[in-house]
Ligand SMILES: [Ca+2]
Ligand SMILES: [Ca+2]
Ligand SMILES: [Ca+2]
Ligand SMILES: [Ca+2]
Ligand SMILES: [Ca+2]
Ligand SMILES: [Ca+2]
Ligand SMILES: [Ca+2]
Ligand SMILES: [Ca+2]
Ligand SMILES: [Ca+2]
Ligand SMILES: [Ca+2]
Ligand SMILES: [Ca+2]
Ligand SMILES: [Ca+2]
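Protein chains in written order, with our numbering: chain A, 1 to 199; chain B, 1001 to 1199; chain C, 2001 to 2199; chain D, 3001 to 3199; chain E, 4001 to 4199; chain F, 5001 to 5199.
Next comes the structure, spelled out in structure tokens:
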């Protein structure tokens, strides 16, 4: 449990996701980093094919909507992006980290802080939709154990929350979204991170 | 079912296909996006080899017939194309999304709206023919559940429709085609999408 | 059966082959297309390693004998070639489509029509020989069902034809060859296709 | 046992790690070397995917924090880095060599000596955190057998040490860390190695 | 059997080898071809890893000993080499086609005829040695069936020939070699092929 | 046995190693060759991953210590290196050919003769250490059968020799080493090979 305790938001690109594993729900961090390069994307963390695809989709979406995020399109070809999902001993797969990866990359490219005590889970699509995912009950329990206060979910997962006993939901605020821009509006603050990188 | 509800056609490149899975027929979206690049094609969505080949064939066909679609051939080397098929948790394969991918790419390169309430299924070939596919009955039922009004099929699939009880077909209009240009004539409107990209 | 009905020869690069599958003989089309590029060869159609090798051999042979086909050797580095074998749901392999692929590429690079109502099957080699293949009886039956009139085979497959009842062979003309140039002489006409591409 | 006896620290990039194998804990060396090149990273030693990812993460982290280590960022594109983990007959995997690889690379790029009689084990993350790892008891016993005096562990592994009988810990000093910069502060001395390479 | 009948030697690069398959000995042809390029080597014929390695070794040896074969070293970077072993339906592997591949490439680069009615089998090494191979008895019987008159073998295979009944060897001349240059001296004539390519 | 008989040392890069296979100890040759190129390393001989890694480590070590071997560092980017281990029918793996590969490459780059009647076995590391390997008894017997006179082993393998009956060791001289430079001092003579290549 210690290893899941909530980290501050001083570093760009660190976002809390919710995962569903063989042993129940769990907290999962997405980290991302920029280094000078030519626009390559590398992905680590013992991830399967579908989870790697989510990272590609997130980056492609941001590139195609650079102006919506006030990003200079030139930065995409001047930096390499590396996305990592810690705890390499655990194999991870599936599309549910999509919105977490999207949020990580927007924080990274804008060098803005991610909201504290917030976690999320949801699939992303190229056209900007958020899709529902499974394992909601287990993920919510894991979020509570980790002292998460707010959770971003797909609107279509609202029914899954409504099936959970109210007691379990105390202290949690839910944000139901259908569009990827809503996720960013909720999750990425307007405050720059400590020592922001000048891009 | 929620996740299959029909989306508007404001975004270029989003087209509704019909798929046949282990659990019956289903609606499936093809999405595509352009980003500045050198003409690379990337494909995501947990797709098998044959479905990826369909994307390649669709793009090659459009390149070889650029003038027929009023496209400037230079755009193919100035943009990367990314095609995605949502719901990454489901493995997908087979050639039947061919005409859906073709329609997605023509909408993308022309920035024109796809016709609303329309779905399609059919294999494509390099010479421009549409070939019949399987699972027609299950696909039609899925289309009805998703409130689709018009369906594009290969002429050789007409017999499969004739074997379905008339009741099931109420409210559906069928377009039987043999050539890929007929698909585009039916499916891609002359109206530009909202905020069309200037290519 | 509909899907196998014979197509016209207005398009360059479309050639009818004979295949032998688990469920008997079948008609198979080879299609090829040129797009501006740097001489890359791509191959689709759910093909195995050996069938892909046939495509490579066919292209290499044509490159090495460009003058024999009145081809300007520069075109090989100015265009990409894509070869496709339709019906992606069926895995295909083996060397027997070799002469069909060769014919497809010669028609493509010369933009000349392939002879109508003609089918073929035979392995090719780098030095220009045609080698015999298996499944001749099943392939001949499939050719008849598809209303083929002439068939190109390796000289060493003559004995396989002689073992077939004469009744089955009615209406079929056989061309037995040993050299790849004989195939081209029989199969590629001197007539340009409709709207030939200026190479 | 001979093969594990402690080596001097005259060579940059040689660091002692602690591994947990099927036959118990073991000492493991990380070695790294620079050669003129273009910034490629190669990794040998019969390593699995996750252990190779650790090497990538370590290098990316150092690149992104070059200034913290007083490194000229230009060196990353002028040299190739090769990381090796000896005893190629033994397959190795897992994230626990992360801090050992990080230390190896910092020693390599700064050409500074690693502290003698020191071993370490811990996962690294892109944002600079050290994560706990398993097999602590077995690793400690192996460290003692190899006459290690100081050990670097994640703060979250402190509890694992507290569960070990005090007798086994005699003569060992533990450094508990949460941040990757702490590891470097403990493990890399300010003394240049013998014949330092001029970078 | 027809398919194994001996071919003339008018084409450069065509050499007869002896193979040992699950169904006994067999004749096997090696073909090679040059096309304008940058020195790439491609290999087809349904070959396994070891047989492909033989092709690499043969080409490397010729490059390193260009002067011994009166070859201008510049040609290696101006042409691509393609080696093919016909009968793609049969998987082939093992090192025994090494001297056959070497002979094919020397004939190709010198555009000289290979000796008629000659077959060979033997492994090659980078330093120019010929090593013995297995299946000698079966290979000899296949050679006789194909009307081969002379056979090149490794000196260390002499004992295998001595164990074969004299009757089987009638009409065959054996050349036992230890060095790869001996193979070339025996197998490649001083006569140019028909229409030699000007390299 | 014939195939293992000792070869002269006129050719650079040919070194005798000792291998341990399923059927006992055996002699194994390492060969290497230079061709004009850009510094690529290729490796053949039906080798597994770990044995290929040894080749990489040997080359990296030599590059990083070019001055110690009086080598002009420019040669590494002007030549391609090919390492081959003959007898392609036998799969080979493991790290024990490391010192043999190192010796082969030093002989190759210096064009100096390797000492006659000498064999060796030992793992190498990036920092220049020689590590012990297994199968010593079987390897020694194979060396005797092949009339080897001197053997280079890791110091940590001395105990393995001491456990062998003295009778078996008659006529053999052992060199125990801990550092890779000792191997080169023993194995590579100061005499140039016949017709040395001017690098
Ligand atoms: Ca966890
Ligand atoms: Ca998630
Ligand atoms: Ca669905
Ligand atoms: Ca479809
Ligand atoms: Ca068919
Ligand atoms: Ca065919
Ligand atoms: Ca050990
Ligand atoms: Ca470690
Ligand atoms: Ca044969
Ligand atoms: Ca052979
Ligand atoms: Ca041997
Ligand atoms: Ca060895």
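Don't be surprised by glycine CBs; every beta carbon is placed ideally from N, CA and C.
In this text the structure is predicted, and so the values were computed from the model without any measurement.
- Message: Along the chain, where does the beta strand (DSSP E) containing residue 3098 (chain D) start, and where does it finish?
- Response: Segment 3098 to 3110 is the alpha helix (DSSP H) holding residue 3098 (chain D); no beta strand (DSSP E) there.
- Message: For residue 5019 (chain F) and residue 3136 (chain D), I'd like the C-alpha separation in whole angstroms.
- Response: Rounded to the nearest angstrom, the two C-alpha atoms are 37 Å apart.
- residue 1029 (chain B) and residue 1016 (chain B): beta carbons closer than 9 Å? Yes.
- Query: In terms of residue numbering, what span does the beta strand (DSSP E) encompassing residue 4041 (chain E) cover?
  - Reply: 4041 to 4044 is the extent of the beta strand (DSSP E) around residue 4041 (chain E).
- What are the start and end residues of the beta strand (DSSP E) that includes residue 5163 (chain F)? Boundaries cannot be given for residue 5163 (chain F), as no beta strand (DSSP E) includes it and DSSP labels it neither H nor E.
- Task: Going by DSSP, name the residue or residues bridged to residue 5080 (chain F).
- Result: DSSP lists F:5035 as the beta-bridge partner residues of residue 5080 (chain F).
- Query: Measuring CA to CA, which of E:4041, E:4166, E:4179 and E:4187 is closest to residue 4151 (chain E)?
  - Reply: Comparing Cα-Cα distances from residue 4151 (chain E) to each of E:4041, E:4166, E:4179 and E:4187, the minimum goes to E:4187.
- Task: Would you check if the region 114 to 133 of chain A and the region 58 to 74 of chain A touch, i.e. whether three or more CB-CB distances between them fall below 8 Å?
- Result: Yes, the region 58 to 74 of chain A is in contact with the region 114 to 133 of chain A.
- Please list the partners that residue 2054 (chain C) has in chain E, where partner means a Cβ-to-Cβ separation under 8 Å. Result: 4088.
- Are the C-beta atoms of residue 39 (chain A) and some chain D residue less than 9 Å apart? Not closer than 9 Å to any Cβ of chain D, the Cβ of residue 39 (chain A) fails to qualify, so no.
- Three or more C-beta pairs below 8 Å linking the region 4112 to 4126 of chain E and the region 4092 to 4103 of chain E: Put simply, the region 4112 to 4126 of chain E touches the region 4092 to 4103 of chain E. At least three CB pairs are less than 8 Å apart.
- Item | Alpha-carbon to alpha-carbon, residue 37 (chain A) and residue 3039 (chain D) | Straight-line Cα distance between these residues: approximately 11 Å.
- Task: Identify whether residue 2030 (chain C) lies in helix, strand or coil by the three-state DSSP scheme.
- Result: In this structure, residue 2030 (chain C) counts as strand in the three-state DSSP scheme.
- Ranges of the beta strand (DSSP E) found wholly within the region 3127 to 3180 of chain D, counting only runs of at least 3: If you keep only unbroken beta strand (DSSP E) runs of at least 3 residues inside the region 3127 to 3180 of chain D, you get 3150 to 3154 and 3173 to 3177.
- Item | Counted within 10 angstroms of its Cβ, other Cβ atoms place residue 5185 (chain F) as buried (16 or more) or exposed | Classification of residue 5185 (chain F): exposed, given that the 10 Å Cβ count is below 16.
- Item | Where residue 90 (chain A) falls: helix, strand or coil (DSSP) | For residue 90 (chain A), the three-state secondary structure derived from DSSP is coil.
- Residue-chain proximity (residue 136 (chain A), chain B), Cβ-Cβ < 9 Å: Chain B places no beta carbon closer than 9 Å to that of residue 136 (chain A), leaving this residue out of the contacts.
- Message: Using C-beta distances below 6 Å, list every residue in its chain close to residue 3004 (chain D), excluding the 5 sequence neighbours before and after it, in chain order.
- Response: Because the pLDDT of residue 3004 (chain D) is 46, which lies under 50, any placement of that residue in the model is unreliable, and the number read from its coordinates should be weighed accordingly. Within the same chain, residue 3004 (chain D) has close Cβ partners 3027 and 3146.
- Query: Who are the Cβ neighbours of residue 2056 (chain C) in its own chain at under 8 Å, not counting the five residues just before and after it?
  - Reply: If the five residues before and after residue 2056 (chain C) are omitted, its C-beta is found closer than 8 Å to the C-beta atoms of 2041, all from its own chain and listed in chain order.
- Query: What residues match up with residue 5119 (chain F) in a beta bridge as DSSP calls it?
  - Reply: According to the DSSP secondary-structure assignment, residue 5119 (chain F) is paired through a beta bridge with F:5016 and F:5151.
- is_contact[residue 3128 (chain D), chain A] using C-beta, thresh 9 Å: Yes, its Cβ sits closer than 9 Å to a Cβ of chain A.
- Taking Cβ positions only, does residue 95 (chain A) come closer than 9 Å to chain B? At least one chain B Cβ lies under 9 Å of residue 95 (chain A).
- Query: When you compare only the Cα positions, how much space is there between residue 1116 (chain B) and residue 160 (chain A)?
  - Reply: Looking at the two C-alpha atoms, the distance is approximately 30 Å.
- Using a Cβ cut-off of 9 Å (strictly closer), state whether residue 4107 (chain E) contacts chain C. Residue-level contact by beta carbon fails for residue 4107 (chain E) and chain C, as no gap is shorter than 9 Å.
- Task: Check the Cβ of residue 2063 (chain C) against every Cβ in chain E and list those closer than 7 Å, keeping chain order.
- Result: In chain order: 4035.
- Message: Using only CA atoms, which one of C:2050, C:2046 and C:2053 lies nearest to residue 1050 (chain B)?
- Response: Per the Cα distances, C:2046.
- Task: My understanding is that residue 2032 (chain C) touches residue 2105 (chain C), with C-beta atoms under 8 Å, so please give their C-beta distance in whole angstroms.
- Result: Confirmed, about 6 Å.
- Message: residue 1113 (chain B) and residue 1192 (chain B) - do their beta-carbons sit closer together than 9 Å?
- Response: Cβ atoms of residue 1192 (chain B) and residue 1113 (chain B): closer than 9 Å.
- With a cut-off of 9 Å, does the C-beta of residue 77 (chain A) fall near any C-beta of chain D? Residue 77 (chain A) is outside the set of residues whose beta carbon lies under 9 Å from a beta carbon in chain D.
- Query: Would you say residue 5131 (chain F) faces chain D, with C-beta separation under 9 Å as the test?
  - Reply: Interface residue, yes.
- What does a CB cutoff of less than 8 Å around residue 5069 (chain F) pick up in its chain, not counting 5 residues either side in sequence? Hits under 8 Å: 5062, 5106, 5109, 5110 and 5184.
- Of all Cβ atoms in chain A, is any one closer than 9 Å to the Cβ of residue 1084 (chain B)? Closer than 9 Å: yes.
- Any idea if residue 1014 (chain B) is buried or exposed, counting beta-carbon neighbours within 10 angstroms, 16 or more meaning buried? Buried, by the Cβ-count rule.
- Item | Contact under 9 Å by Cβ, residue 1178 (chain B) with residue 1163 (chain B) | Result no, Cβ atoms of residue 1178 (chain B) and residue 1163 (chain B) do not sit closer than 9 Å.
- Mind listing which residues of the region 2014 to 2028 of chain C have their C-beta closer than 8 Å to chain B's C-betas, in chain order? Residues passing the 8 Å Cβ filter: 2014.
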